[in-house]
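Numbering (the UniProt record's numbering), first residue to last: 1 to 414.
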Ligand SMILES: *Cc1c(COP(=O)(O)O)cnc(C)c1O
């Protein structure tokens, strides 16, 4: 594997919509295909947030009009999220600092409210925001963690899942869609199975919200995590859905904000931005999904046609429309990503969370993808700001990059 020195530069999509909104503007021209790591904040979201960083600065807990305005904005944001995920009540949503906090809150809460139960069921391919916590609980609290395996397409082993479900399980935490491969899990069915043993069912839906239609009312899902920056909202703000009637234990000790469920003064500008991002996602989901899916498929077909020994990782039948995880056999995905970056194209290898280490992706490892292929995995993830020309640009430069890397490797590696 080629070792890369230094870090890639920060990239700005050239599809900057309305870059003059608050002065400045896009500095470097580049093409951004790393939307599962984070997305560009939509300019309408920025516009919605701005008053709450200026005139509408009130504390939503204050009893005067300045505070009330912030409180009303927060209520509106809750309703915008409620509509996006099909919650029955707006008070089923609490605002958090993002996906990581929501996941931690859900799991730790379940262990508190189900004191007789000491097991967690999760999958082998969860985000570190679930797996690292589970590993910690296993080590420090003697919690038994069942990490349900997946097959070579990333599909969950239903039989192993069924076997792990017993009355010892406090919480099941299974992601809705995988961030690395886009594989979608049948969480609606999984939640019904969990209900039969009385376990709380939580889903990390950070990659699903805004990309898949979600109607929580008609499911047995008890808790759901989402994060603003994965669907064109701001970073550092997210939410946890807690179904009405599901027992809950707050993570933080502090003030009485959010009905005692999440202490701390609310991030009102972020929350307003999250709400606006939810509204936009709901509005354009069908149309954007169709468009993004066709761009993704165009890129995928083009790569498979142009480059030999290339294949796609994940479940091609149940997959997010915006994600493709492609393996270039025998060459380093890290090196492909590095050279694409030099051409102004941003994508990622393995998962963004483990970049910097040359460790193989835990997701591809769980799928038993051969190491020579797993190390050559590159993820392209799309959003509403990608255009046809972006794909054409990648297809134009990538064969040269792959050839260059193959030539620089000893034949034994290939
Ligand atoms: C990004 C991501 C998270 C973490 O969300 P943050 O808001 O960045 O903390 C959790 N789970 C999945 C699947 C993600 O893609």
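Even for Gly, the Cβ is constructed at its ideal location relative to N, Cα and C.
Legend entry - residue 297 classed as buried or exposed, judged by whether at least 16 other C-beta atoms fall within 10 angstroms: exposed
Legend entry - Beta bridge counterpart(s) of residue 232 as assigned by DSSP: Under DSSP, no beta-bridge partner is assigned to residue 232.
Inset, instruction - Kindly examine ligand 1 and report whether one of its heavy atoms sits closer than 7 Å to the Cβ of residue 204. - result: yes
Inset, instruction - Reducing DSSP to helix, strand and coil, say where residue 394 ends up. - result: helix
Inset, instruction - Return the first residue and the last residue of the alpha helix (DSSP H) that residue 363 is part of. - result: 362 to 366
Inset, instruction - Mind reading off the beta-carbon distance from residue 81 to residue 239? Whole number of angstroms is fine, and I expect it under 8 Å. - result: 6 Å
Legend entry - Environment of residue 218 [buried if 16+ CB atoms lie within 10 Å]: Exposed is the call here.
Legend entry - N-terminal and C-terminal residue of the alpha helix (DSSP H) that residue 107 is part of: Per DSSP, the continuous alpha helix (DSSP H) segment holding residue 107 begins and ends at 99 to 113.
Inset, instruction - Evaluate residue 408 with the Cβ neighbour count: other Cβ atoms within 10 Å of its Cβ, from every protein chain shown; 16 or more gives buried, anything less gives exposed. - result: exposed
Legend entry - Any non-hydrogen atom of ligand 1 closer than 7 Å to residue 193 Cβ: Distance from the C-beta of residue 193 to the nearest heavy atom of ligand 1 is not below 7 Å.
Inset, instruction - State the DSSP-derived secondary structure class of residue 353, mapped to helix, strand or coil. - result: Reliability fails at residue 353, whose pLDDT of 48 lies under 50, so the model's placement of it is uncertain and the value that follows must be treated cautiously. The three-state reading of DSSP puts residue 353 in helix, counting H, G and I together.
Inset, instruction - Let me know the secondary structure DSSP gives residue 121 once reduced to three states. - result: strand
Inset, instruction - Using 10 angstroms around the beta-carbon of residue 114, count the other beta-carbons present and answer buried if the total reaches 16, otherwise exposed. - result: Under this definition residue 114 is a buried residue.
Inset, instruction - May I ask you to report which of helix, strand or coil DSSP gives residue 325? - result: Here residue 325 sits in strand by DSSP.
Inset, instruction - Tell me whether residue 211 sits in a helix, a strand or coil according to DSSP, three-state version. - result: Here residue 211 sits in coil by DSSP.
Legend entry - Same chain, Cβ closer than 8 Å to residue 152, five either side skipped, listed in chain order: 367, 368, 369
Legend entry - Residues of its chain near residue 316, where Cβ-Cβ distance is below 8 Å and the 5 sequence neighbours each way are ignored: 153
Inset, instruction - Confirm the yes/no value for this check: CB of residue 421, any heavy atom of ligand 1, distance under 7 Å. - result: One cannot answer for residue 421 here, as it falls past the ends of the chain, which runs 1 to 414.
Inset, instruction - Label residue 304 either buried or exposed according to how many other C-beta atoms from any shown protein chain fall within 10 Å of its C-beta, with 16 as the threshold for buried. - result: exposed
Inset, instruction - Compute the minimum distance between the beta carbon of residue 361 and the heavy atoms of ligand 1, and state whether it is under 7 Å. - result: Incorrect: residue 361 has no Cβ contact closer than 7 Å to ligand 1.
Inset, instruction - Return the CA-CA distance between residue 242 and residue 47, expressed in angstroms with no decimal places. - result: Whole-angstrom Cα-Cα distance: 29 Å.
Legend entry - Beta-carbon gap between residue 30 and residue 344 smaller than 8 Å: Yes, they are a contact pair.
Inset, instruction - Have a look at 70, 391, 92 and flag the residue whose alpha-carbon is nearest the alpha-carbon of residue 246. - result: 92
Legend entry - Cut-off 7 Å between Cβ atoms - residues of its own chain near residue 144, not counting five sequence neighbours on either side: Sequence-distant partners of residue 144 (beyond 5 residues in either direction) whose C-beta falls short of 7 Å from its own C-beta, in its chain, are 118, 119.
Inset, instruction - Please indicate yes or no: does the CB of residue 139 lie closer than 7 Å to some heavy atom of ligand 2? - result: As presented, the structure is devoid of ligand 2, carrying ligand 1 as its sole ligands.
Legend entry - Cβ neighbours of residue 233 in the same chain (closer than 7 Å, five flanking residues each side left out): Only 41, 45, 273, 274, 277 meet the Cβ criterion.
Legend entry - Alpha-carbon to alpha-carbon, residue 288 and residue 190: Taking the straight line joining both Cα atoms gives about 28 Å.
Legend entry - C-alpha distance - residue 21 paired with residue 43, whole-angstrom precision: Residue placement at residue 21 cannot be trusted, given a pLDDT of 47 that sits under 50; the coordinates are not used to answer.
Inset, instruction - With a threshold of 16 other CB atoms inside 10 Å of the CB of residue 65, please say whether the residue is buried or exposed. - result: The residue is exposed, with fewer than 16 neighbouring Cβ atoms inside 10 Å.
Legend entry - Helix, strand or coil at residue 55 [DSSP, three-state]: coil
Legend entry - Identity of the residues DSSP links to residue 172 by a beta bridge: 121, 201
Inset, instruction - Look at the alpha carbon of residue 76 and the alpha carbon of residue 51, and state the distance between them as a whole number of angstroms. - result: 15 Å
Inset, instruction - Assuming residue 229 contacts residue 39 (C-beta within less than 8 Å), just tell me the rounded distance between them. - result: 6 Å
Legend entry - Contacts around residue 404, its chain only, beta-carbon distance under 8 Å, and the 5 residues preceding and following it disregarded: 339
Inset, instruction - Look at the Cβ atom of residue 200, then the Cβ atom of residue 171, and state whether they are nearer than 8 Å. - result: yes
Inset, instruction - Can you give me the Cβ contacts of residue 6 inside the same chain, cut-off strictly under 8 Å, excluding the 5 residues immediately before and after it? - result: Here residue 6 scores only 38 on pLDDT, less than 50, and its place in the model should not be relied on; the value that follows carries that caveat. In the same chain as residue 6, and ignoring 5 residues on each side of it, no C-beta atom comes closer than 8 Å to its own.
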